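In full-length UniProt numbering, the protein residues as written are 1 to 1157.
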């Protein structure tokens, strides 16, 4: 029974849609595009038909452009056809949109495919006409008007149409407007303030000059209906009232007929301005369509007053017109009910025109209100020879995204829509043997000549392909909104492999003109749609100009101009648009001719023809910075490091400032690739260290800073000390150098300076406040090198800012990887000429850290933090954009020097890494599983409530507990865990360490958990193995003593917390490193291993990683590899991966909380 009921409802809906002529509820554009959507299958399966009271409601999902999907519903009332179709959609349009058309058309197509029971259409039409004529005779209410009111104050009314398909009506929004003091865009009125009717009466805000009582009363009446608040496009609130009541209309005309009527605007003060127009009269006229069916439409008298585009809408119990074209708004005498009934008038087929004429004469009163239909003559056209005709159209297709832009890319494609012309009547190829058409009062039946049409098709020039053919091979995306019998023009070259790329392989409008000429030569009629651009004029540049201006801070501005027909044009906006054009070949094609050219668009439909090779040579030096600024920026800002690349351009163009850039380029080219140890340096430099000093001199010549990112253990401190001596020797450094380092490295800096640069006067800004005050007053002004810590930097910032420093050195610069931290902000507040960052791990977790460190030493090199996030970080980290990754690597290359131990220390002893897997068992395994289930559920609940981004603390805490169970259950501070004391990993460690100690090995054991180190220490004591410990709580002096004990061979095992001892230690006495528990960041683990495997190590180094198989520890290692790949690809140009998505997402969580394998 329900199925039968549903089938009856579907049939009722089908007939109702047909009866109410549902097409009239939508505009022409929505109808065209919606039907195309239906043909393309964008209406998803699962359309639902439901009853809501007396309404029939159809609901469906519709695929929009790109990945958008919208929820669309539409309703009709079979017992009240006056309502028409009312639709609602989640798309930006909201109501009466193309998605609703697609749902209706899809429903109708499905019903007709199943077979619809036949109806007596003639009887139905007669019934509908009889019903409509009877309705037309029903009485209408009379009209009353307010008396004209005196008014001496002007206000403004915004006018618009309330788009209800059942009863389109006028809506108004009264506002105060101020005349502009300066010339502005629009009509010279600014700062709209909406007027609101208060509940207790009166208006707010009041005008500076009070309105008259009559004006206030009229406005209150006008706004007494429903007030709808909405946000305007400019960001202010508007209050709109539909004029649906008679008293509102009378109030409106009262205001307009006053001595000083309000200003009238369409929608907003910058919209079209209306003048009060004369009162006109509503009339009716018949309008035939292409099939000869006649439709009643509204007309006006006198005809010359209102344009054809004017909108006629209801205002209370009256009518009005809004004529945007002629700038008029006025009253329209006529019957509002008649206008509404007119929307429901059925079409009149030619064969019924005589019948209706008779009915009009037979029925009293109807002939006076309804004009007789036109007489229609039937005629058959036979023996007419067809001609081939194409209409050139412009189609727009959507591509993906380029270079981190968050808006879609669009491409324009030229298209030739084919038809046959029979004596001026266009016949589409897919029609039947004949075609009905209406012309000059005649209904024509055009008889087609299939043989002649086929012969014409064979005269088409070669090179084009039909859209239908491409869609059959699934080569063109479905969102090209074109008829199937459309010709497209593929460009030369190998066809693309994917659907989206086909759009870039199809000719745009400019590429069609040669084919258009060939079509005309073949006898084809060529018509141009309004959107197809006219044939451009092609020009060549007369002259070239360039300009270079210093911009400070290691930057300069480059401008490029060309002269065309005596007009000088800025070339950079043109090159930016060209760079964003997906059709432009940045690299030469395989068979590209040497003289290949490209046409650049200029204003006034002109094209500038330039050799492709020349365009590429202009873009190549500035490609990585071309898209940094807005499209219309007159210059591009380049770092001075780009001077060598830009200098060759100055040889060809007329340049202002060419001497400066060429001199800088020559100076940079003259810099040696390596430098010898400077005078006063007490030591020897390795070759790579000599190259490091040369690179730092290169930065000095440019007046900028950089990041020395050599691998740990390669002597970054020594290189910087040598650079200080080099700068002093050539007079480039006359002020003190400030070194900011972790507390543990202050002593190392003082010792290294005394050893390698003994002539430098060094001061360590340490001790109590009184001691540091004496140093600031007495020692710092004459010192060559001052060393402080990141912690003291924050405390002493006011005193430090009293001094100017020639160079700032940031050791272990990952300390400022959070740009918003107090430490990072303090660094930026210092008064320094240049800065150098030192770190073996400039990128640990994400690209934001790289930006923070580089921006601190070379401000602006990667743009603002927000710009960098949008342009580089998001596309690289979340979308795996390989092209952008390569571009970023090139961009930072001059400002970052990175060498790994494998590259430069060929004599370094071998390092062997071993992953020792162990299996959880017994009570420890059961504990892990029970805790995993509970924590996974907790995390899932947090993600459901707060999202992935808002659940970070919960996730990390849950994962921490699982990691602690793997290390030792005693680390987990839960009551239920106290009984579980056995640790498989600790047992494995106790089996591993004693034999190594007996062999004479020197061992470093790293753990993230200081409490775990204490448990390991207890186990070593039980086994009688001497050890010492270093954590964040170890005092500085004790720390130095313990390092010395280990280095001198007095203690075989050194227990170190990863955070406290992972950096700044030289422990080359060790030949074995044990990572007790894995950490998320591979760079941190590598830093820790580098304490032993570094310059000065004489023995092979063995690294052991203890991992609980199948647990969160094993999955951490998988995530480590991802971060390592990202860092390598950016810093070293290695291991590139594309399209792998975010580095940490919900799939990762599912993996981390998976059961023990």
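Positions of the beta carbon are idealized from the N, C-alpha and C atoms, including for glycine.
Keep in mind it's a predicted model, so treat the numbers as computed, not measured.
**Item:** Nearest candidate by alpha-carbon position, reference residue 985, set 878, 947, 1096 and 1109
**Value:** 1109
**Asked** When you compare only the Cα positions, how much space is there between residue 753 and residue 716?
**Response** 12 angstroms
**Asked** Three-state secondary structure (DSSP) at residue 442?
**Response** strand
**Item:** Which of helix, strand or coil DSSP assigns to residue 763
**Value:** strand
**Spatial distance of residue 856 from residue 817 (CA atoms)** = 10 angstroms
**Request:** Can you grab the Cα-Cα spacing for the pair residue 434 / residue 382, in whole Å?
**Result:** 10 angstroms
**Request:** Excluding the 5 residues preceding and the 5 following residue 333 in the sequence, name in chain order all residues of the same chain whose CB lies nearer than 8 angstroms to its CB.
**Result:** 279, 280, 281, 282 and 319
**Asked** Can you give, in chain order, each stretch of the beta strand (DSSP E) that sits fully within the region 993–1068 and has at least 3 residues?
**Response** 1003–1007, 1027–1030 and 1053–1057
**Request:** Helix, strand or coil for residue 872, going by three-state DSSP, please let me know.
**Result:** helix
**Prompt:** Taking just the CA atoms, how far does residue 990 sit from residue 922?
**Reply:** 19 angstroms
**Prompt:** Of the residues 712, 1101, 1000 and 298, which one's Cα is nearest the Cα of residue 910?
**Reply:** 1101
**Item:** Nearest neighbour of residue 246, chosen from 303, 315 and 256 [CA to CA]
**Value:** 315
**Asked** Across which residues does DSSP place residue 265 in a beta bridge pair?
**Response** 158 and 273
**Request:** Determine the closest residue to residue 1068 out of 1060, 1043 and 1096, with distance taken between C-alpha atoms.
**Result:** 1096
**Request:** Report the residue ranges of all beta strand (DSSP E) runs contained in full by the region 829–896; include only those spanning at least 3 residues, in chain order.
**Result:** 832–838
**Request:** Look at the Cβ atom of residue 72, then the Cβ atom of residue 62, and state whether they are nearer than 7 angstroms.
**Result:** yes
**Length of the line joining the Cα atoms of residue 1074 and residue 1004** = 6 angstroms
**Asked** Which stretch, first to last residue, makes up the beta strand (DSSP E) that contains residue 1093?
**Response** Run containing residue 1093: none; DSSP gives neither H nor E here.
**Prompt:** Under 7 angstroms between the Cβ atoms of residue 1065 and residue 1115?
**Reply:** no
**Request:** List in chain order: all unbroken alpha helix (DSSP H) runs of 4+ residues lying wholly within the region 351–381.
**Result:** 353–362 and 366–369
**Request:** Report buried or exposed for residue 457, applying the criterion of at least 16 other Cβ atoms within 10 angstroms of its Cβ.
**Result:** exposed
**residue 143 to residue 373 span [Cα, whole Å]** = The predicted model places residue 143 with a pLDDT of 30, which falls under 50 and marks its position as unreliable, so this point remains unresolved.
**Request:** Taking 7 angstroms as the cut-off, decide whether the C-beta atoms of residue 916 and residue 1104 are in contact.
**Result:** yes
**Item:** DSSP-derived helix/strand/coil call for residue 220
**Value:** helix
**Prompt:** Which value, in whole angstroms, describes the spacing of the CA atoms of residue 1010 and residue 1031?
**Reply:** 7 angstroms
**Asked** Is residue 18 helix, strand or coil when you go by DSSP?
**Response** helix
**Asked** Quick one: Cα of residue 770 to Cα of residue 780, how far?
**Response** 14 angstroms
**Asked** Between residue 323 and the rest of its own chain, which residues show a CB-CB distance below 6 angstroms, the 5 nearest in sequence each way excluded?
**Response** 306, 307 and 310
**Prompt:** Do you know offhand how far residue 462's Cα is from residue 39's?
**Reply:** 29 angstroms
**Request:** Just grab the DSSP bridge partners of residue 169 for me.
**Result:** 162 and 314
**Asked** residue 1137: buried (16+ other C-beta within 10 angstroms of its C-beta) or exposed?
**Response** With a pLDDT of 33 at residue 1137, under the threshold of 50, the modelled position of that residue is not reliable, and the figure given next carries that caveat. Counting Cβ neighbours within 10 Å, residue 1137 comes out exposed, since fewer than 16 surround it.
**Asked** Near residue 746, which residues of its chain fall below 7 angstroms by C-beta distance, leaving aside the five closest residues on each side in sequence?
**Response** 764, 766, 787 and 789
**Asked** Run through DSSP, which three-state label would residue 401 get?
**Response** No answer about residue 401 holds up, because its pLDDT of 47 lies below 50 and its placement is not dependable.
**Item:** Which of helix, strand or coil DSSP assigns to residue 428
**Value:** coil
**Item:** Neighbour-count burial assignment, residue 60, 16 or more Cβ in a 10 Å radius
**Value:** buried
**Prompt:** Quick one: Cα of residue 340 to Cα of residue 171, how far?
**Reply:** 17 angstroms
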